[in-house]
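Residue numbers (the working numbering), protein chains in the order written: chain A, 12 to 137; chain B, 703 to 974; chain C, 39 to 200.
Cβ coordinates follow ideal geometry from the N, Cα and C atoms, glycine included.
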Amino acid sequence: MKALVVDDSRAMRKIIAGALRKLGYETVEAADGAEALKVLQEGPLPELATVDWNMPVMDGLTFVTQVRAIREYRSLSIMMVTTEAEHGQIVRALAAGAHEYLIKPFTVEALEEKLALLGLLPEVTA
Amino acid sequence: MALTPTAFEWVCTLVRKESAIVLEKGKEYLVESRLVPLARAAGAADVNAYVDGVRLRPDRRTQVAIVEALTTNETSWYRDGAPFQAFSTTVVPALKQSRATTRSLRIWSAASSTGQEAYSLAIGLHDSVLAEGWRAEILATDLSTEVLEKAKAGTYSQLEVNRGLPAPLLVRHFTRAGMNWQVNANIRQMVRFQQLNLTSSYAALGQFDVVFLRNVLIYFDLATKRDILGRVRRVLRPDGYLFLGGAETTLGVDDNWERQLIGRVSVHRPKN
Amino acid sequence: MTQDTGLEAQEVVDYVEDEALAQIVDQMWQSYFGHVEPLLPAFEPHEVPAPVLCASVGISGARPGLVTVLVEKAAGTPLAAALLQEDGELTDEDVYDALGEVANIIGGNIKALVPDAGALGLPAIAEAPPLPRSNSRCAARLDANWQGHWVTFIVWLSGTGA
Numbered sequence: 012m013k014a015l016v017v018d019d020s021r022a023m024r025k026i027i028a029g030a031l032r033k034l035g036y037e038t039v040e041a042a043d044g045a046e047a048l049k050v051l052q053e054g055p056l057p058e059l060a061t062v063d064w065n066m067p068v069m070d071g072l073t074f075v076t077q078v079r080a081i082r083e084y085r086s087l088s089i090m091m092v093t094t095e096a097e098h099g100q101i102v103r104a105l106a107a108g109a110h111e112y113l114i115k116p117f118t119v120e121a122l123e124e125k126l127a128l129l130g131l132l133p134e135v136t137a
Numbered sequence: 703m704a705l706t707p708t709a710f711e712w713v714c715t716l717v718r719k720e721s722a723i724v725l726e727k728g729k730e731y732l733v734e735s736r737l738v739p740l741a742r743a744a745g746a747a748d749v750n751a752y753v754d755g756v757r758l759r760p761d762r763r764t765q766v767a768i769v770e771a772l773t774t775n776e777t778s779w780y781r782d783g784a785p786f787q788a789f790s791t792t793v794v795p796a797l798k799q800s801r802a803t804t805r806s807l808r809i810w811s812a813a814s815s816t817g818q819e820a821y822s823l824a825i826g827l828h829d830s831v832l833a834e835g836w837r838a839e840i841l842a843t844d845l846s847t848e849v850l851e852k853a854k855a856g857t858y859s860q861l862e863v864n865r866g867l868p869a870p871l872l873v874r875h876f877t878r879a880g881m882n883w884q885v886n887a888n889i890r891q892m893v894r895f896q897q898l899n900l901t902s903s904y905a906a907l908g909q910f911d912v913v914f915l916r917n918v919l920i921y922f923d924l925a926t927k928r929d930i931l932g933r934v935r936r937v938l939r940p941d942g943y944l945f946l947g948g949a950e951t952t953l954g955v956d957d958n959w960e961r962q963l964i965g966r967v968s969v970h971r972p973k974n
Numbered sequence: 039m040t041q042d043t044g045l046e047a048q049e050v051v052d053y054v055e056d057e058a059l060a061q062i063v064d065q066m067w068q069s070y071f072g073h074v075e076p077l078l079p080a081f082e083p084h085e086v087p088a089p090v091l092c093a094s095v096g097i098s099g100a101r102p103g104l105v106t107v108l109v110e111k112a113a114g115t116p117l118a119a120a121l122l123q124e125d126g127e128l129t130d131e132d133v134y135d136a137l138g139e140v141a142n143i144i145g146g147n148i149k150a151l152v153p154d155a156g157a158l159g160l161p162a163i164a165e166a167p168p169l170p171r172s173n174s175r176c177a178a179r180l181d182a183n184w185q186g187h188w189v190t191f192i193v194w195l196s197g198t199g200a
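Below you can see the structure in the form of structure tokens.
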């Protein structure tokens with residue numbers, strides 16, 4: 012399974028991508044919404060995208076809105092991973108088409124459990 | 703200012719007594735760091751003074767605060783989501799059929815702890831049967847009054863609601879309260895919290911359609927387990943459902959249950 | 039910490055208190071740095087010795103604010119290493135990025151406590167603390183120590199109509 016990790020912080024991309032790879036994902040990264048759109052255009056569609064909100068060039072909410080308008084990307088599950096923690100912001104993100112929302116700071120367990128809710132936890136064969 | 707060995711020992715003993723959690727040697731700085739905010743709020747000169755204060759003049763509230771500060775690991779909202787899915791997708795629809803005349807459901811969350819299980823069930827029922835005019839009541843019981851107080855408040859930290867709780871449910875049924883998130887009043891009202899020791903009588907509880915008795919039987923010996931299961935069966939309606947914890951079973955304990963599978967989740971039905 | 043202008047100062051200070059800031063920092067530290075060593079809150083304010091690095095994030099809206107994270111420069115690399123879980127060569131950029139993210143996470147959670155808050159800015163790193171606006175007050179402060187290094191977190195907030 013493939014995941015696209017979108018965040019302007021390299022540290023955060025590393026944390027998230029690292030956690031996803033441990034769960035069995037192949038990961039690809041982007042530092043802002045515009046870069047992320049390019050990645051989607053150029054490669055095979057990932058199953059999952061984790062998206063930060065506040066980024067330069069194109070923020071996460073705009074990215075989510077744009078992705079949701081494209082039919083070919085319909086199967087992409089989107090989880091916002093952001094420090095925006097107000098009730099209203101979460102509502103906006105879900106209304107824009109995000110499927111899940113993880114508030115920073117999050118633990119790796121929290122990330123896993125959100126993936127489980129989305130049915131996106133690869134079955135680990137021990 | 704560093705925690706003295708005496709103070710650390712005392713704190714370890716308190717925590718072990720109240721929660722069975724053992725704080726290891728070498729974690730003194732961890733204990734200290736968690737107690738600094740409490741000590742400051744109490745106006746103590748430092749953490750040692752704070753601990754010595756309650757050590758020499760026992761005060762229940764302070765003891766509880768200390769234990770909580772050292773043992774509160776956020777518990778995942780749906781520690782194991784599968785039973786709740788089975789409840790919502792299979793059990794509730796089946797009960798909607800069989801209770802079509804009374805249009806009323808009673809659920810017992812029998813080891814409700816800090817309330818997440820009870821509120822999860824309430825949310826599930828609110829979004830399904832309540833919307834259609836049914837009545838639903840959840841009784842949530844636990845041995846500990848402290849834990850019940852927390853459950854009644856229905857307030858959880860951001861770390862707790864971040865875990866295993868679907869975001870759409872978070873926004874629909876919770877409101878921010880400062881740093882925390884609180885279950886909305888209309889959901890809280892669906893749950894009645896009550897102190898109950900599982901070894902005592904269930905005579906006054908009434909009858910239930912579903913009982914959740916998850917991960918609590920392990921604390922009892924075989925004879926008590928058998929007794930509890932027997933009495934649970936008597937408060938469960940004949941076509942009701944019992945949910946035990948993931949690794950638990952009635953096998954070898956009480957033959958009066960029939961196990962059924964809903965997906966990978968076991969439910970137990972009273973045998974007649 | 040409280041100034042003499044009475045009502046306006048109080049209004050600003052009440053939305054975010056030391057306790058809330060401490061909780062946010064604690065939750066963040068547990069999630070990302072706890073595996074290395076916990077953050078030890080200090081009993082009294084403590085000056086962070088120079089040379090320093092300061093990461094700050096702005097909050098726009100009715101009560102503009104600034105959340106700053108001030109650390110000893112020597113703490114930058116171990117902090118970044120802990121966040122990235124990397125031992126190798128860390129560049130200045132890695133350190134600034136890590137500090138910036140710390141400020142970002144705290145800033146976002148603080149913003150959620152401030153009524154009518156607007157947008158969260160992108161983090162900025164400097165070698166000195168920023169000068170807060172003349173009408174802003176220190177609403178919350180946390181002094182702490184991590185692995186022997188001093189760290190100070192401050193939330194500056196302005197009153198409305200400023």
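Beta-carbon neighbours of Gly942 (chain B), restricted to chain A and to distances below 9 Å: Under the 9 Å cutoff, chain A gives no residues; its nearest Cβ is about 28 Å from Gly942 (chain B).
Cutoff 7 Å: Gly103 (chain C) Cβ touching any chain A Cβ: No, no contact with chain A.
Cβ of Pro76 (chain C) within 7 Å of any chain B Cβ: Answer yes: the Cβ-Cβ gap between Pro76 (chain C) and chain B drops below 7 Å somewhere.
Any C-beta of chain A under 7 Å from that of Phe865 (chain B): At residue 865 (chain B) the sequence reads Arg, which differs from the Phe that was named. Yes, Arg865 (chain B) lies at the interface with chain A (some Cβ there is under 7 Å from its Cβ).
Boundaries (first-last residue) of the beta strand (DSSP E) holding Thr926 (chain B): Boundaries around Thr926 (chain B) are those of the alpha helix (DSSP H), 924-937, since no beta strand (DSSP E) includes it.
First and last residue of the uninterrupted alpha helix (DSSP H) at Lys25 (chain A): Run containing Lys25 (chain A): 21-33, per the alpha helix (DSSP H) assignment.
Host beta strand (DSSP E) of Ser806 (chain B) (start-end): Secondary structure note for Ser806 (chain B): its beta strand (DSSP E) is the uninterrupted segment 806-811.
7 Å Cβ cutoff met for Arg1057 (chain B) and Asp911 (chain B): Here chain B covers residues 703 to 974 and nothing more, so residue 1057 (chain B) does not appear.
Segments assigned beta strand (DSSP E), at least 3 residues, entirely inside the segment 108-166 of chain C: If we require 3 residues or more, the beta strand (DSSP E) runs fully inside the segment 108-166 of chain C come out as 155-158, 162-164.
CB contact below 7 Å: Ala60 (chain C) versus chain B: Yes - at least one Cβ of chain B is within 7 Å of the one on Ala60 (chain C).
Euclidean distance between Cα positions of Ile148 (chain C) and Ala747 (chain B): If you draw a straight line from the Cα of Ile148 (chain C) to the Cα of Ala747 (chain B), it is about 29 Å long.
Proximal chain B residues relative to Ala150 (chain C), where beta-carbon distance stays under 8 Å: Those are Arg878, listed as they occur along chain B.
Contact set between Leu160 (chain C) and chain A, taken where Cβ atoms lie within less than 9 Å: Neighbours of Leu160 (chain C) in chain A, taken as residues at a C-beta separation under 9 Å, are given in chain order as Asp19, Asn65, Met66, Pro67.
Reduced DSSP secondary structure (H/G/I, E/B, other) of Leu195 (chain C): Shown here, Leu195 (chain C) sits in a strand according to DSSP, grouped into three states.
Touch test, the segment 38-45 of chain A against the segment 152-162 of chain C, Cβ-Cβ under 8 Å, three pairs minimum: Verdict: no, contact absent.
Burial state of Tyr858 (chain B) (16 or more Cβ within 10 Å): In this structure Tyr858 (chain B) is buried. Its beta-carbon is surrounded by 16 or more other beta-carbon atoms within 10 angstroms.
Contact under 7 Å by Cβ, Val885 (chain B) with Phe895 (chain B): Not closer than 7 Å, so no.
Alpha helix (DSSP H) segment containing Val863 (chain B), residue limits: Val863 (chain B) -> alpha helix (DSSP H) spans 860-863.
Chain-ordered residues of the segment 23-46 of chain A with a beta carbon less than 9 Å from chain C: If you check each beta-carbon in the segment 23-46 of chain A against every beta-carbon of chain C, the ones closer than 9 Å belong to Met23, Lys25, Ile26, Gly29.
For Phe710 (chain B) and Ala874 (chain B), the rounded distance between their alpha carbons: Strictly speaking, residue 874 (chain B) in this sequence is Arg, with Ala absent from that position. When rounded, the distance between both Cα atoms is 44 Å.
CB contact flag (Thr94 (chain A), Ile143 (chain C), <7 Å): Taking a C-beta distance under 7 Å as the contact criterion, Thr94 (chain A) and Ile143 (chain C) qualify as a contact pair.
First and last residue of the uninterrupted alpha helix (DSSP H) at His875 (chain B): Boundaries of the alpha helix (DSSP H) around His875 (chain B): 869-875.
Alpha-carbon spacing of Ala200 (chain C) relative to Cys176 (chain C), whole angstroms: Any answer about Ala200 (chain C) is weak, because its pLDDT of 43 lies below 50 and its placement is not dependable; what the coordinates show is given next. In a straight line, the C-alpha of Ala200 (chain C) is about 15 Å away from that of Cys176 (chain C).
Which of helix, strand or coil DSSP assigns to Gly71 (chain A): Here Gly71 (chain A) sits in helix by DSSP.
Ala771 (chain B) and Arg736 (chain B) closer than 7 Å at C-beta: The answer is yes: Cβ separation under 7 Å.
Collapsed DSSP secondary structure at Asp941 (chain B) in the structure displayed: If DSSP states are grouped into helix, strand and coil, Asp941 (chain B) belongs with the strands.
Cβ separation of Leu122 (chain C) and Lys25 (chain A), assumed to be a contact under 8 Å, to the nearest whole Å: The Cβ separation is near 5 Å, so the contact holds.
Distance between Leu128 (chain A) and Val78 (chain A) (C-alpha atoms, nearest Å): A direct Cα-to-Cα measurement between Val78 (chain A) and Leu128 (chain A) gives close to 21 Å.
CA-to-CA distance, Leu122 (chain A) to Leu867 (chain B), given in whole angstroms: Each residue's alpha carbon lies about 11 Å from the other.
Rounded straight-line distance, which links the Cα of Phe914 (chain B) to that of Val17 (chain A): About 40 Å.
Contacts of Asp761 (chain B) in chain C (Cβ-Cβ under 9 Å): Those within 9 Å of Asp761 (chain B) in chain C number zero; the least Cβ separation is about 21 Å.
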